[in-house]
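**Student:** Below is one structure. I have some questions about it.
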Amino acid sequence: MLEHDTSTTSPSRERIVASLTALLTRMLRPDAPVTERTQLMDELGLSSSLALELLLELEDELEIQIDVEDLDEDQMATLADLADHIVANSTPR
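Counting from 1 along the sequence shown, just add 60 to a position and that's the residue number in our numbering.
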C-alpha cells in the first residue's frame, strides 16, 4: 500500500468540517452546537469580515490556500456548503 504524502494533498472534508466547527465556536460563541446544517449568516450572524477572518485562520491551520474569488453567499449558506467549496477550491501550500 502506498503512503500518501500529506504535504501535497488537501485535507479531508471531515478535517475541514472539524476545523470550521472549532473555529466558528471559538470566534462566535454560539448558543447551540455548530453542525454541518448550521446557517452561517442566518443562525450565527457571520459577517463578510468575520468570514474572511475565518478563512484566513482555516488556511493557516490546515496549511492550504483557498480560492475565494468565486465565493458568494450561496456557497456559504451552511457549514456544509462552505466545506464543499473549500474541498473543491483549495490547494496545499
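Where is the CB? At the ideal position from N, CA and C, for every residue including glycine.
Following the continuous beta strand (DSSP E) through residue 150, name the residue where it begins and the one where it ends.
**Tutor:** Your numbering for residue 150 matches position 90 in the sequence shown. Counting along the chain, the beta strand (DSSP E) containing residue 150 begins and ends at 150 to 152.
**Student:** Just to confirm the assignment, what range does the beta strand (DSSP E) spanning residue 125 have?
**Tutor:** Numbered from 1 along the sequence shown, position 65 holds the residue referred to as residue 125. Counting along the chain, the beta strand (DSSP E) containing residue 125 begins and ends at 124 to 126.
**Student:** Could you compute how far the alpha carbon of residue 143 sits from the alpha carbon of residue 120?
**Tutor:** Against the sequence shown, residue 143 aligns to sequence position 83. Against the sequence shown, residue 120 aligns to sequence position 60. So the alpha carbons of these two residues sit roughly 16 Å apart.
**Student:** In three-state terms, what does DSSP make of residue 69?
**Tutor:** Your numbering for residue 69 matches position 9 in the sequence shown. Coil, per DSSP.
**Student:** Considering only DSSP beta bridges, list what residue 99 is partnered with.
**Tutor:** The residue you call residue 99 lines up with position 39 of the sequence shown. DSSP lists 138 as partners of residue 99.
**Student:** Could you confirm whether any beta carbon from chain E is found closer than 7 Å to the beta carbon of residue 118?
**Tutor:** The question asks about chain E, but that chain is absent: this structure has only one protein chain.
**Student:** Buried or exposed for residue 98, going by 16 or more other Cβ atoms inside 10 Å?
**Tutor:** In the sequence shown, residue 98 corresponds to position 38, counting from 1. A buried status is given to residue 98, since no fewer than 16 other beta-carbon atoms sit within 10 Å of its beta-carbon.
**Student:** Are there 16 or more other CB atoms within 10 angstroms of the CB of residue 116, so buried, or fewer, so exposed?
**Tutor:** For this step, residue 116 is matched to residue 56 along the sequence shown. Exposed, by the Cβ-count rule.
**Student:** On the CB-based measure, 16 or more other CB atoms within 10 Å of its CB, does residue 71 come out buried or exposed?
**Tutor:** The residue you call residue 71 lines up with position 11 of the sequence shown. Residue 71 should be labelled buried.
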